[in-house]
Amino acid sequence: MRKEIVTRYIVPRVEGHGKVHVKIQDDKVTDVEFNLIEGQRFFESVIVGMPWDRVPTLMQRICAICTVPHNEAAIRAIERAMNVDVTEQTELLRWLMFHGSMIESHALHTYFLAAPDFLKVPDAVHLLKTHPEAVQRAIRMKKLGNDLQALIGGKPIHPEKSVVGGFISAPSPYAIRNIRQRLKDGIADAHATIDLFESIKYVDWTVSPTTYAAQRGPGPFMDYWGDTIHQGANTFSVSSYRDATNEKVVRKSSAKYSFTPEGKPFMVGSLARLLHNKSQLTDGTTERIKKSGKLPTENILLNSWAQAIEALHSYERAIDIIDELFSKGLKDEKPIKVVPRAGRGIAGVEAPRGMLIHEYETDANGKVTACNVITPTAMNQANIEKDMKASMKHLTGKPDREIEDFMETIVRAYDPCISCACHMVEVHFVR
Amino acid sequence: MTSTDIKKKYEEMAEAGMKRLHPDKPKLIFGYGTCGLAAGCGCLVDVAKELKGVDHVTSHVGCIGLCHIEPLVDVQLPGMPRVTYASVDQEKLKVIIEKHLKGGQPVKELAYAQLATELSVIKKGAINYQKKYDGIPTYQELPFFKKQMRIALRNCGIIDPESLEEYMARGGYRAAYKALHGMTPEEVIEDVTVSNIRGRGGAGFPTGTKWGFCRGSKGDVKYLICNADEGDPGAYANRAVLEGDPHSIIEGMVIGAYAMGATKGYIYVRAEYPLAVQRLRLAIKQARQHCILGTNIMGTDFSFDISIFEGAGAFVCGEETALIASIEGKRGEPRPRPPFPAVSGVFGKPTNINNVETLATIPMILQRGGYWFASIGTERSKGTKVFSLVGKIKRSGLVEVPMGISLGVIIHEMGGGMLDDKGFKAVQTGGPSGGCIPENFLETEIDYESLKKLGSIMGSGGMVALDEDTCMVDVAKFFLNFTSSESCGKCTPCRVGGKRMLDILDKISKGTGKKEDLVTLEHLAIQVRDASLCALGGTSPNPVLTTLRYFRNEYEEHIEKGGCKNTCKKRGASKVAAPSAAGKAPKKTDVPKKGVSK
Amino acid sequence: MTGGKKLMKIKIDGRELECEPGKTVFDVARSNGIYIPTLCYNPMNDSKRLGACRLCVVEIMEGGRPGLQSSCTLPVSNGLGVSTTSEPVFQARRTVTELLLSEHKLDCVDCPKSGDCTFVRQCRDYDLYGVPVCAECPRQKDGCLLASGILCLGPVTYAGCKAICTRTGGRCTGCNTTSVNKDVLKFGAETFKRFGYSSEKVLEAMEVFSATTPGKEGFKNAAKEVGL
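Structure follows, in structure tokens:
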């Protein structure tokens with residue numbers, strides 16, 4: 000008997016709108032399809048013609064959770080196009096803000112989006128009854144992440160203080176000192192999160208050969224940016240990212256699909272980063288990974304655990320950066336003055352969900368003439384389908400509801416940010 | 000002096016007054032109110048002074064209401080009715096003196112009317128001549144006077160306002176005597192309440208009830224104030240009484256003070272009425288000399304005195320709480336009510352404020368009884384009202400009519416219709432706080448409620464006739480300009496709202512207005528009306544609202560066509576000529592060399 | 000507690016409240032958590048109540064002469080019932096705010112109240128858009144970002160966001176859209192001129208959030224008028 004089930008039209012507990020299509024023949028799952036159905040948002044088209052200093056303002060609005068990654072990627076790309084070097088303090092502040100966004104985003108995803116799947120509750124509200132301290136902890140962590148972003152960037156969402164050339168003003172040292180204390184106290188929360196995700200028994204139905212891709216920076220510690228992309232065994236420079244992504248428009252999806260040069264899908268995200276940058280993690284983080292024995296792995300369901308690990312890394316890294324700032328002395332710096340010029344700049348950051356690339360071209364007046372943004376979730380689409388197809392044989396004979404739930408769990412494990420992903424399909428327009 | 004002595008004295012004075020009113024010598028009477036003076040009677044008086052060859056007396060009387068044909072000069076021969084000559088100039092005066100005063104025969108071609116029988120409602124001292132002249136209409140035959148019923152104006156134009164004797168001759172101070180000697184204060188209030196007289200200043204609150212509140216307020220010091228600030232442009236009914244019969248006000252105040260237990264009185268009179276101020280001062284002096292004011296009035300243990308307080312030119316001081324502030328020496332700004340003046344007024348003491356016309360009517364009510372007064376008028380508005388009929392009308396002047404008479408009668412019968420026989424467009428009642436009423440409502444019986452229903456108010460009695468050439472947008476703008484510049488500035492809706500409405504009206508009248516502006520204007524007008532602190536702001540949008548209600552097409556014409564064929568296009572500027580008090584500009588030859596002589 | 004004074008009962012918005020005689024409706028409302036806005040009330044001169052701004056008006060529903068009265072001067076009396084939320088009250092308050100706004104000299108960049116201005120809060124409560132973001136921004140005069148070379152679009156952008164970006168150290172990017180109000184645009188054009196920014200630069204910056212809005216066109220006119 001042939002039938003088709005389509006999951007709830009909109010997969011719940013993800014950012015944005017996605018749809019899963021499952022084909023069943025007799026009792027066997029014969030095919031699975033995953034579509035991103037968010038509407039096109041045309042950011043890359045709208046930005047063309049705008050002045051260089053307004054690029055971060057617009058582009059950070061691609062997403063409200065990963066607003067800082069977009070803000071920073073856009074700023075760094077423009078700075079490269081304009082050939083601007085920023086001060087060391089600016090760099091430190093930027094990565095401090097970034098760690099804040101990492102903590103916030105991971106706290107949100109692990110507890111409110113993914114945990115219900117593994118703790119067998121319908122949603123985070125039910126979690127309040129079954130795991131009340133967990134929810135408290137989640138809120139505490141998210142607030143800390145938000146406050147850290149707000150401290151550096153001005154607001155927790157859309158940091159208007161962070162502009163091309165630096166920051167409009169430096170944060171107050173007293174506030175930084177306070178937040179350092181909170182980070183220190185919060186390390187226990189990070190550990191508790193890891194404990195929670197280690198206590199779960201994960202099925203291995205999705206295990207299948209996976210290529211991981213992540214950026215790596217010069218180090219010594221991972222601060223979520225880099226000039227090289229490591230994809231499986233290959234290495235690319237960020238400026239030649241197209242060789243790594245090979246984007247293709249696919250009819251069924253609002254976002255483009257990405258493949259390795261060999262035409263294989265690949266995964267970006269926390270797991271990818273932990274595997275490629277394990278030498279750049281803080282001591283406390285490395286300890287925990289060793290104790291857990293979970294790495295290496297090809298089980299996507301462990302991505303949430305990986306995010307918990309990264310949260311710990313961010314807590315510890317943030318404290319280190321603050322100490323570095325204080326040792327150097329916090330100065331009241333203004334943004335570097337930028338002289339607009341024609342140029343081309345590419346910058347990559349590691350957003351919570353994976354690799355994010357911004358590329359801009361400007362004309363002599365500093366107006367944007369071309370733009371390309373590749374988001375992690377777009378890159379992950381092919382891999383999501385791969386994992387789903389791998390799990391098909393384990394779902395024979397299972398009730399529809401369970402199949403549905405499991406497919407959604409897979410989607411959620413990736414922590415997709417679908418709104419970011421659907422930013423453009425090819426558009427021709429005439430000015 | 001005992002009360003019996005006083006009574007005897009008053010009767011003697013009354014008799015003397017009668018002799019003055021009807022002397023056995025020829026009498027030359029001049030209409031010596033401000034309207035007469037403006038028309039030029041001052042130099043006529045000078046001419047008459049040079050008169051030689053006939054033994055006569057001269058009398059200066061107040062305004063009888065025929066303002067459109069001032070200067071008025073009357074000749075009264077002993078035993079014969081006085082004959083009124085209208086629009087008299089120096090040539091005419093010489094003729095009149097020669098032929099009538101000296102020669103004994105009235106000049107029929109120049110005569111306007113004769114006063115053979117009493118024109119007002121008084122009984123004591125009423126005019127009643129058996130003999131009449133042929134060929135000269137009596138006052139009662141004139142359409143202007145036919146339907147009038149003169150109570151407040153009973154003495155205006157008849158007596159010399161500077162003669163206490165003449166006032167007493169026609170029943171003056173009999174009511175006060177009756178009240179002080181024969182009635183309790185409660186009985187006085189009862190009579191006034193039964194009469195159902197409502198405040199003639201515009202608000203129309205029952206006077207008896209108001210007096211009752213003040214009587215009921217605790218306090219040993221209470222104030223009674225006469226509001227003689229008459230600020231409405233085009234209204235001068237109060238002025239006629241102040242100039243022509245000041246004692247009627249004093250008598251009204253004595254009665255009122257007795258009724259409510261007031262100890263001190265003020266007459267708040269606008270400084271722009273210098274003749275009125277002068278006459279009032281004299282009247283008060285006379286009253287004090289004859290036991291009418293001061294301690295032990297008329298031989299009783301009731302004491303009361305009146306001071307004059309001159310206003311300094313602010314329209315808002317006609318509003319009672321602003322008036323109170325002004326008397327207290329403060330800037331004339333209204334206060335929110337409650338607390339009401341009857342409870343807390345001048346210097347925090349119970350205060351009662353009445354209009355000139357109300358007070359002038361009170362003695363008549365007590366003389367002839369409250370029920371008599373209540374038999375005149377409509378169901379809810381009793382008695383009579385003085386209207387100052389001005390504008391584009393043939394016969395402008397003052398008329399006193401019973402409530403319930405129709406607008407049409409006043410305008411077409413009494414007023415004689417529109418000037419130059421132009422078509423009637425609207426009548427504006429109630430001054431800048433009132434509204435414009437179009438032709439199809441001319442049959443309306445005038446009373447407080449009916450005018451309110453039409454969107455206007457009774458107000459102080461101003462009635463401006465507007466002809467077919469008038470631009471109604473301009474009219475609204477004129478009145479709004481007045482009220483907004485007279486705003487005291489305290490509350491936002493009046494201070495700012497008035498200006499904004501004026502901006503919009505200006506735009507519309509200049510032809511640059513848009514359709515949305517009408518919506519904004521109407522909405523703003525309603526808000527200003529509802530949210531203002533006092534009646535100035537609260538009624539300032541009335542001209543706008545009524546013209547929008549009845550003449551919206553004119554606004555739309557301005558918006559669509561950029562102007563109108565009437566005043567706007569012709570003049571270009573924005574002022575409708577202010578309704579002139581005399582209804583007629585003085586001729587160059589008549590301009591008096593001096594101002595007020597005497 | 001009341002020292003022998005008999006308590007009175009009045010109704011505000013249908014709620015029955017007890018109060019001491021001699022109090023005003025405004026006092027009773029405020030002490031019972033019912034919000035009534037006011038501008039001319041000076042707490043340092045409590046006994047002198049003007050009733051002038053007309054913002055605190057309430058509608059008398061029973062127990063008094065029907066109509067609007069200023070609650071700060073309206074004494075309580077047994078059986079008095081008022082409404083603070085009826086349509087006439089709302090309209091009157093909105094009109095008063097709008098009228099005050101029409102007379103208001105927009106000098107928010109220099110005004111010491113900007114950032115904490117009661118009047119701006121009042122405008123926001125009544126959806127009136129005649130103020131720029133500068134009215135809500137706590138940075139003034141030399142603290143203004145425009146003075147340090149950073150093009151902040153506050154002077155021409157609709158207020159209503161509590162100036163959250165400038166308040167937290169960032170600059171205004173105009174995300175609340177450019178205002179169409181002529182006074183605001185004139186103020187904006189004059190402010191930009193004062194700090195030496197060209198209209199091209201401002202229009203460029205407006206492209207992000209106001210590219211096709213009437214506010215942008217309005218600004219072009221205002222810039223021309225002011226000579227920017």
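Residue numbers (numbering that gives the first Met the number 0), protein chains in the order written: chain A, 0 to 430; chain B, 0 to 597; chain C, 0 to 227.
Backbone N, C-alpha and C fix where the C-beta goes; we use that ideal spot for every residue, glycine too.
Given residue i as reference, the closest of the options once Cα atoms are compared
i      : options                          : result
E521/B : A168/B, M500/B and R269/B        : M500/B
N31/C  : Y40/C, C110/C, T37/C and C18/C   : C18/C
Y359/A : K366/A, G344/A and F42/A         : G344/A
S70/C  : A28/C, H103/C and P42/C          : A28/C
S82/C  : L105/C, C55/C, T96/C and H103/C  : C55/C
F208/C : K185/C, T190/C, S76/C and G153/C : G153/C
V315/B : T33/B, I305/B and E332/B         : E332/B
R53/A  : C171/C, L145/C and N220/C        : C171/C
I299/A : V348/A, P208/A and A106/A        : P208/A
Residues of its chain near residue i, where Cβ-Cβ distance is below 8 Å and the 5 sequence neighbours each way are ignored
i      : result
V134/A : Y110, A123, L126 and L127
M0/B   : K8, C290 and G298
A169/A : Q88, L92, L329, K330, D331 and E332
D184/A : none
Per-residue contacts from residue i into chain B (C-beta, under 7 Å)
i     : result
V75/C : What V75/C touches in chain B: nothing, since even the nearest Cβ is about 11 Å away.
T72/C : P335
Chain C contact residues for residue i, given Cβ-Cβ distances below 9 Å
i      : result
T374/A : The contacting residues do not exist; T374/A stays about 20 Å from chain C at best.
Interface residues of chain B facing residue i [CB-CB closer than 8 Å]
i     : result
P87/C : D529
Residues near residue i by beta carbon distance below 7 Å, same chain, minus five either side
i     : result
V93/C : Before going on, a small fix: residue 93/C reads as Arg here, not Val. Cβ within range, chain order: Y125.
Residue i: contacting residues in chain C (beta-carbon distance under 7 Å)
i      : result
T491/B : C52, R53, V95, L98 and L99
R93/A  : Simply none; closest approach about 15 Å.
Residues that residue i contacts on chain C, provided the C-beta gap is smaller than 8 Å
i      : result
V342/B : Within chain C, no residue comes near V342/B; the closest Cβ sits about 10 Å away, beyond 8 Å.
P50/A  : E203, A204 and E206
For residue i, three-class secondary structure by DSSP
i      : result
H16/A  : coil
I224/B : strand
K574/B : Low local confidence applies: a pLDDT of 41 at K574/B is under 50, so the model's placement there is unreliable, with the coordinate-based value given in what follows. Coil at K574/B, not helix or strand.
R136/A : helix
G35/B  : helix
W441/A : The first residue shown for chain A is 0 and the last is 430, placing residue 441/A beyond what the model contains.
F204/B : coil
R238/B : helix
M354/A : strand
E323/A : helix
G153/C : helix
Q366/B : helix
T368/A : strand
D420/B : helix
D73/B  : strand
C416/A : strand
T177/C : strand
L397/B : strand
6 Å Cβ shell around residue i - same chain, five flanking residues per side excluded
i      : result
F196/A : S303, W304 and A307
P603/B : The displayed coordinates of chain B run from 0 to 597. Any statement about residue 603/B would go beyond what the structure contains.
Inter-residue CB distance, residue i and residue j (contact presumed, cutoff 8 Å)
i      : j      : result
T84/C  : D12/C  : 6 Å
G153/A : G169/C : 4 Å
R548/B : D446/B : Between D446/B and R548/B the Cβ distance is about 20 Å, and since that is not below 8 Å, they are no contact.
Chain-ordered neighbours of residue i on chain F, where CB pairs are closer than 8 Å
i      : result
V495/B : Protein chains A, B and C are contained in the structure displayed, whereas chain F is not.
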